[in-house]
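Numbering-wise (our numbering), the sequence shown opens with residue 241 and increments by one.
Every residue gets a Cβ at the ideal spot worked out from N, C-alpha and C, and that includes glycine.
Structure first, then comments.
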Amino acid sequence: MTSFKDVVKVFDKLEETSATLEKIRILKQLFNSVDPEEIDKLIYLTQGILHPNYLPMPPIGIAEKVAIKAISKMSRLKETNIKKIIDESGGIGNAIEKILKQRKSTKTLDSFIKKPGQAVSKEKDQSISEVYNSLDEISNQVGTGSTLKKIDLLSNLLSRSTPKEAKYILRIILGTLRMGIADMTIINALSIAFTDSKKNKEFIEEKYNICPDLGRIGKILSKKGLEGLNEINIQVGIPIKMMLAQRAKSIEDIFERMGAKFACEYKYDGERVQAHKNDNKIFLFSRNTENITKMYPDIVDAVKKLQSKTLIIEGEVVAIDPITGRIKPFQELMRRRRKHDIDQKKLEYPVELYLFDILFKNGENLLKEPYIKRRNILEKIVLESDLGENSILKLATQKIVSTNTELEQFFQDSLDQCEGLMIKSINESSIYQAGNRGYIWLKLKKSYQSKMIDSVDTVVIGAYMGRGRRGGSYGALLCAVYNKSKNLFQSICKLGSGFKDEDLERMPEIFGRLELIEKPPDIDIVAEKLVPDIWFKPEVVCSVIGDEITLSPDHRAGYNLIRENAGFAIRFPRFLGFREDKSVKDITTIEEIMELYNKQTK
Ligand code: ATP
241 MTSFKDVVKV
251 FDKLEETSAT
261 LEKIRILKQL
271 FNSVDPEEID
281 KLIYLTQGIL
291 HPNYLPMPPI
301 GIAEKVAIKA
311 ISKMSRLKET
321 NIKKIIDESG
331 GIGNAIEKIL
341 KQRKSTKTLD
351 SFIKKPGQAV
361 SKEKDQSISE
371 VYNSLDEISN
381 QVGTGSTLKK
391 IDLLSNLLSR
401 STPKEAKYIL
411 RIILGTLRMG
421 IADMTIINAL
431 SIAFTDSKKN
441 KEFIEEKYNI
451 CPDLGRIGKI
461 LSKKGLEGLN
471 EINIQVGIPI
481 KMMLAQRAKS
491 IEDIFERMGA
501 KFACEYKYDG
511 ERVQAHKNDN
521 KIFLFSRNTE
531 NITKMYPDIV
541 DAVKKLQSKT
551 LIIEGEVVAI
561 DPITGRIKPF
571 QELMRRRRKH
581 DIDQKKLEYP
591 VELYLFDILF
601 KNGENLLKEP
611 YIKRRNILEK
621 IVLESDLGEN
631 SILKLATQKI
641 VSTNTELEQF
651 FQDSLDQCEG
661 LMIKSINESS
671 IYQAGNRGYI
681 WLKLKKSYQS
691 KMIDSVDTVV
701 IGAYMGRGRR
711 GGSYGALLCA
721 VYNKSKNLFQ
731 SICKLGSGFK
741 DEDLERMPEI
751 FGRLELIEKP
761 PDIDIVAEKL
771 VPDIWFKPEV
781 VCSVIGDEIT
791 LSPDHRAGYN
801 LIRENAGFAI
811 RFPRFLGFRE
821 DKSVKDITTI
831 EEIMELYNKQ
841 TK
């Protein structure tokens, strides 16, 4: 058993350094020192999760208001006093550390308590597993009365913890643990810790791409070494990390990258779905490897009809106008994407799934097969399954193209109902590169004709209260992109247009639970006038398009990179939709903004 007290000392070191190599070195030592039976739990806690997200378990997490109630229960301090301490100490994690240190030094809570003589719980040495199990118990409380139970359990856990343990427990549970540990940092550290060489990280990554569960991978490595990973193969029910595309700048750019001949497919504007079939058991996964089976019962029924015992296929699910049969914009699909009232939503927003790839069939791993072979297998399955005209499963419209005119024509055709084209290499080396954003696939969107060639996925970090028609609710949002090297969310636009009435109505429901008392330390803004009325925990992803990416002294994204005292900003930003299929990990990075900026027609 490894003591959690020792782990949080290492978390402190990880937080202090921004250098990736140093993080890898610290993590390597930690992994080597931990009991192999607990390394999976340690890795999950380091990632701020309890289980890989493809398992349909309740996610970790409570609202800040609930955490304050738990602290109040544990410390007997008034909630208003706790808020004051949070303000003074720069975040709830630091606040709890301060409160517990105070308790320790006085041995009583007298300095905080109005009523003297309250019982003081004892701190004890807790193992990683004990802390993990307590957090799991908290996250498993659902339904009526669950909030009170969570407050009880969390307050007990905090009272058993040292000040530093409590700080990290709160950060984990509030989702504000930002030690800048990317999945690749963990993979690098595992490689050095258990195979003595960083060269093996590629093999580990390959396994991770077909089994996105670093806890499981770490445990196998620590118990059985590198060979142990041979037991990991594609498994129906475990998502494969999705292959992604690079942006094409123009039609000329496509010929340069792809050569004389390539495949083009319509780029449907919906949600990517990876469907797994094992006889009648179907699983659906999102682009983020989240289990979304329950959201699309109609797709589950349709996939069941495919004539193959086991299958892993991919496609884009889109909303359809029930009268005309035409594809509706992405935002319509997001209205369908709810966890509740699915049967009703299914009728209101019918969908279709446009299939474009196959990764596994009847025990055969197809990832290393070239595109044309995979497409042929997919077409054969769809044809032989005799799905009928009314099936909601369709093949993505595709054409092999070799001239400029053909490409232009197909692109124009696609714009009738889609957002552009996916261009796919047909070389022998056009394998399915799981988890990779490479040049085997390029995307060409309608917006390439304007200055800003693509939309940007931002995270919402704050809001300004509305006036007039938007009075009493949020009027505009402050949005940020991600600076990987600094591990910061940096502001890029104040977004006030493009919202439909329904979007505005939904905002309190979406953002209410994310409101924060003060600016979290990982958010970076520059202009005084941009300080929002309310801060949010950076969680909701919002897609934004603008006229162009400009340089502005007001925003912090890539500050000083191109011009001194200026960052990137989106000019005339317009809201395109909340990307509920994406997580904060997937938002646009400073490097991508720089690329978009450079690709703009100047
Ligand atoms: P975007 O936000 O532009 O949809 P993304 O970051 O989700 O991009 P990319 O790999 O950059 O993902 O762009 C390709 C996306 O386009 C896929 O993830 C998928 O959701 C969607 N798509 C639509 N039609 C196709 C198709 N025929 N082939 C592959 N992907 C398609």
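Does DSSP put Phe739 in a helix, in a strand, or in coil?
-> Coil at Phe739, not helix or strand.
Nearest-angstrom Cα distance between Ile283 and Leu623?
-> 44 Å
Ser526 - DSSP class collapsed to helix/strand/coil | coil
Identity of the residues DSSP links to Tyr714 by a beta bridge | Met705
Where DSSP assigns a beta bridge to Thr698, which residues make up the other side?
-> Cys782
Could you tell me the distance, in whole angstroms, from the CA atom of Leu349 to the CA atom of Lys341?
-> For Leu349, the predicted structure reports a pLDDT of 46, less than 50, and the residue's modelled location is therefore unreliable. A value from the coordinates is still provided. Leu349 and Lys341: Cα-Cα distance of roughly 10 Å.
Candidates Phe808, Val641, Gly458: closest to Ile765 by CA position | Phe808
One or two residues paired with Gln730 in a DSSP bridge | Gln730 pairs with Val721, Asp764.
Between the C-alpha atoms of Lys726 and Asp762, what's the straight-line distance to the nearest angstrom?
-> 9 Å
Per DSSP, which residues does Gly565 bridge with? Please list them.
-> Gly565 is not bridged to any residue.
Going by beta carbon distance, what residues of the same chain come within less than 7 Å of Ser329, once the five residues before and after it are set aside?
-> Ala335, Lys338
Check whether the Cβ atoms of Asp773 and Tyr704 lie closer than 8 Å to each other.
-> yes
Excluding the 5 residues preceding and the 5 following Val824 in the sequence, name in chain order all residues of the same chain whose CB lies nearer than 7 Å to its CB.
-> Val699, Pro778, Glu779, Val781
Excluding the five sequence neighbours on either side, which residues of its own chain have a C-beta within less than 8 Å of the C-beta of Ala542, listed in chain order?
-> Only Leu593, Leu627, Ser631, Ile632, Leu633 meet the Cβ criterion.
Give me whichever residues DSSP pairs with Arg677 in a beta bridge.
-> Leu484
Is any heavy atom in the ligand ATP found nearer than 7 Å to the beta carbon of Phe596?
-> yes
Would a check of beta-carbon distances place Pro276 closer than 8 Å to chain B?
-> The structure shown contains no chain B; it is built from a single protein chain.
Is there at least one non-hydrogen atom of the ligand ATP closer than 7 Å to the beta-carbon of Glu505?
-> yes
Given Met574, which residues of its chain have a CB within under 7 Å of its CB, disregarding the five upstream and five downstream residues?
-> Gly817, Phe818, Glu820
Is the distance from the Cβ of Lys407 to the Cβ of Gly465 below 8 Å?
-> no
Which stretch, first to last residue, makes up the beta strand (DSSP E) that contains Ala559?
-> Where Ala559 is concerned, the enclosing beta strand (DSSP E) stretches over 550 to 559.
Using CA coordinates, which residue listed in Ile325, Lys309, His291 is at the minimum distance from Asn373?
-> Comparing C-alpha distances from Asn373 to each of Ile325, Lys309, His291 shows the shortest one belongs to His291.
If we count the other Cβ atoms within 10 Å of its Cβ and call it buried at 16 or more, is Gly385 buried or exposed?
-> Around the beta carbon of Gly385, fewer than 16 other beta carbons sit within 10 angstroms, so the residue counts as exposed.
In whole angstroms, what separates the C-alpha of Thr425 from that of Ile264?
-> Roughly 6 Å separates the two Cα atoms.
Inter-residue spacing [alpha-carbon to alpha-carbon] between Met241 and Leu285 | 15 Å
Kindly provide the ranges of any alpha helix (DSSP H) runs that are 4 or more residues long and lie completely inside the segment 273 to 333, ordered along the chain.
-> Annotation note: the segment 273 to 333 contains the following uninterrupted alpha helix (DSSP H) runs of length 4 or greater, listed N- to C-terminal: 279 to 287, 304 to 315, 319 to 329.
Phe352 versus Lys318: straight-line alpha-carbon distance, rounded | Any reading at Phe352 needs caution, since the residue's pLDDT is 49, under 50, leaving its predicted position unreliable; the model's value is listed next. Cα-Cα distance, rounded: 9 Å.
Give a yes or no on whether the C-beta atoms belonging to Leu599 and Leu607 are separated by under 8 Å.
-> yes
Alpha carbon to alpha carbon, what distance is there between Asn396 and Leu202?
-> The question about residue 202 has no answer, for the chain in this structure spans 241 to 842.
Is it a yes or a no for the segment 563 to 582 touching the segment 666 to 684, going by three-plus beta-carbon pairs under 8 Å?
-> no
Nearest to Ile184 (by Cα), restricted to the options Ser490, Glu505, Ser731, Ser369 | No answer is possible for residue 184: the residues shown for the chain start at 241 and end at 842.
Over the uninterrupted alpha helix (DSSP H) stretch that includes Asn428, give me the two end residues.
-> Asn428 -> alpha helix (DSSP H) spans 423 to 435.
Kindly examine the ligand MG and report whether one of its heavy atoms sits closer than 7 Å to the Cβ of Tyr672.
-> The ligand MG is absent from the structure shown, which contains only the ligand ATP.
Work out the CA separation of Glu556 and Lys734 for me, nearest whole Å.
-> For Lys734 and Glu556, the distance between alpha carbons rounds to 30 Å.
Limits of the unbroken beta strand (DSSP E) element including Met834 = Counting along the chain, Met834 falls outside any beta strand (DSSP E), though it belongs to the alpha helix (DSSP H) covering 830 to 839.
For the beta strand (DSSP E) holding Ser792, just list the boundary residues, first then last.
-> 788 to 792
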